[in-house]
Amino acid sequence: MTRRFNLLLVALVVLSALPAAAAFPASDDPADVPAATADSVAAAEERTETNYTRLYIDVDDSYRDVKPGESLEYTVSVKNGEDETVEVDPHLSAAPMMEFPLESEWVDIDGPTSIDAGETAEYTVTVEVPEDAETADYRALVAFTDETVTYPGRPAQPIHSAHIVANVWREPTVTIHSDTYVHAQVEAGDSFTRQLVVENTGDSAVPLNPELTTERRYCSGHCPNQLNPSWIDIDAPSQIAPGETATVSITVSPPEEADRGRYNANVNLGLNDPNRQANNDYWQRVGVNFVVWKQPSEAFETDFEVSDDTENVTLTLSPNSHYGADDGDEADFDVEFVDPDGNVVEAERVRVSSSGFVDLSGERARNAVEQGEDYAVRNGGEEFVYRVDDPAAGDWTLRVTPENTIGFQYELDRHESSE
24 MTRRFNLLLV
34 ALVVLSALPA
44 AAAFPASDDP
54 ADVPAATADS
64 VAAAEERTET
74 NYTRLYIDVD
84 DSYRDVKPGE
94 SLEYTVSVKN
104 GEDETVEVDP
114 HLSAAPMMEF
124 PLESEWVDID
134 GPTSIDAGET
144 AEYTVTVEVP
154 EDAETADYRA
164 LVAFTDETVT
174 YPGRPAQPIH
184 SAHIVANVWR
194 EPTVTIHSDT
204 YVHAQVEAGD
214 SFTRQLVVEN
224 TGDSAVPLNP
234 ELTTERRYCS
244 GHCPNQLNPS
254 WIDIDAPSQI
264 APGETATVSI
274 TVSPPEEADR
284 GRYNANVNLG
294 LNDPNRQANN
304 DYWQRVGVNF
314 VVWKQPSEAF
324 ETDFEVSDDT
334 ENVTLTLSPN
344 SHYGADDGDE
354 ADFDVEFVDP
364 DGNVVEAERV
374 RVSSSGFVDL
384 SGERARNAVE
394 QGEDYAVRNG
404 GEEFVYRVDD
414 PAAGDWTLRV
424 TPENTIGFQY
434 ELDRHESSE
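If you count the sequence shown from 1, you need to add 23 to reach our numbering.
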């Protein structure tokens, strides 16, 4: 007879939940225990004295991809933790609430019907997927005994089982060739447009019905009002013919009274690729992320001191942009220096520099521009340098009015003589 073990957890929980006098009676005589308490403990013990065979199961790579007409092999290891040989019956068991259970005629299980004490047996589970299989995640439990366990509110499930999944997929016929993450910055009252190219390589027309989804339509920063759907206009054909491409244009136009801040929204393109799972639309979601800014009405001011030894003052300005924003209008600055006597000194712009990042690894970085087959180039920013020669000693004021930028960094250098 195979040795088995008992579970008394529920009985212990019941006892621990009872009042002290009931859980630990002063007398050993059962007659001194209240009838309701004795009945409850007896019922709990009867429910929980269930014996389970000690089998330990492990499956290698339980989630696998496969195309129709192909096959998969899973390896399941079963260790016998008993002191005697255990008889097993490997079979397929569809778990409750599975939308796409593995068909039994697709599955073959090869392995021994008994496992010696302390030994481990391996089983090969082969899944043959037919050519006409629907695209979906097919799931099943490979059970090795008829022993089951029941949880509250759920049907019985096999205890000694391995969960396997066959993700049946086909080559997609619809491809989005553009970046599905839109990053931009736009002045209130202005607009920007991004275009996405979608290709249909299938044999039939594909519906195209883009729409702004309700989730993630939010703003962060100083913006008490959320993004208004009327700001976003989407232009696209109703379908894509076989072997053709289509262009989806997304135009964002915040009004002049729009609050400054960062806004986010999602656009679902409403595509229907027959070779993709109908309940998976992540691949056709377009994230629209943009910053609304407003041109300041007054210049930024800061004071600084110039010593008698200062030969010249240089100012370096670096405009900031929203991450990944690709806007046509270039940043610029109107710069004034005010000397200790209150006179405006026009600063000479002596240098403008541009920087970038060039990648040769083949991994396309987000917001990078492909240059041939070898390079991916991403803008690194600009610097504007202004200089005032022979400044008078004393307290100065810097005034900067930015244009076409959501922010900037500045650095003031006073170059002093060594004498």
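Yeah, the Cβ is synthetic: ideal placement off N, Cα and C, and Gly gets one too.
Here the structure is a predicted model, which means the values were calculated and not measured.
The C-beta distance from Ala228 to Ala264 rounds to 5 angstroms, short enough to meet the 8 angstroms contact threshold.
Restricting attention to Ser137, Ile273, Val315, the CA atom closest to the CA of Asp256 is found in Ile273. In the displayed model, Tyr174 falls within coil according to three-state DSSP, outside both helix and strand.
Nearest neighbour of Val367 by Cα position, chosen from Val423, Asp382, Val314, Asp352, turns out to be Val423. By the 16-neighbour rule on beta-carbons within 10 angstroms, Phe380 is exposed. Beyond the five residues adjoining it in sequence on each side, Ser376 comes within less than 6 angstroms, by CB distance, of Glu406 in the same chain, given in chain order. Residue range 215-223 is occupied by the beta strand (DSSP E) that includes Leu219. Taking each of Ala416, Glu222, Phe360 in turn and checking the Cα distance to Glu324, the smallest one comes out for Phe360. For Pro153, the secondary structure class from DSSP, reduced to helix, strand or coil, is coil. Burial state of Glu210 is buried, judged by a 10 Å Cβ sphere holding 16 or more other Cβ atoms.
Across the structure, Pro178 and Met121 are spaced so that their CA atoms are roughly 12 angstroms apart. If you ignore the 5 residues before and after Phe327, its C-beta comes within less than 6 angstroms of the C-beta of Trp419, Leu435, all in its own chain and listed in chain order. Burial is judged here by how many other beta carbons sit within 10 angstroms of a residue's own beta carbon; Ala166 has at least 16 and is buried.
Around the beta-carbon of Gln432, fewer than 16 other beta-carbon atoms lie within 10 Å, marking it exposed. Cβ atoms of Pro233 and Gly293 come within 8 angstroms of each other, at about 5 angstroms. Nearest in C-alpha terms to Ser214, of all of Ile138, Ala156, Glu157, Trp316, is Trp316. Within the segment 309-364, there are no complete alpha helix (DSSP H) runs of at least 4 residues. Looking from the CA of Leu125, the closest CA among Ala159, Pro113, Gly141 belongs to Ala159. Taking the C-beta atoms as reference points, Arg437 is found no nearer than 8 angstroms to Val358.
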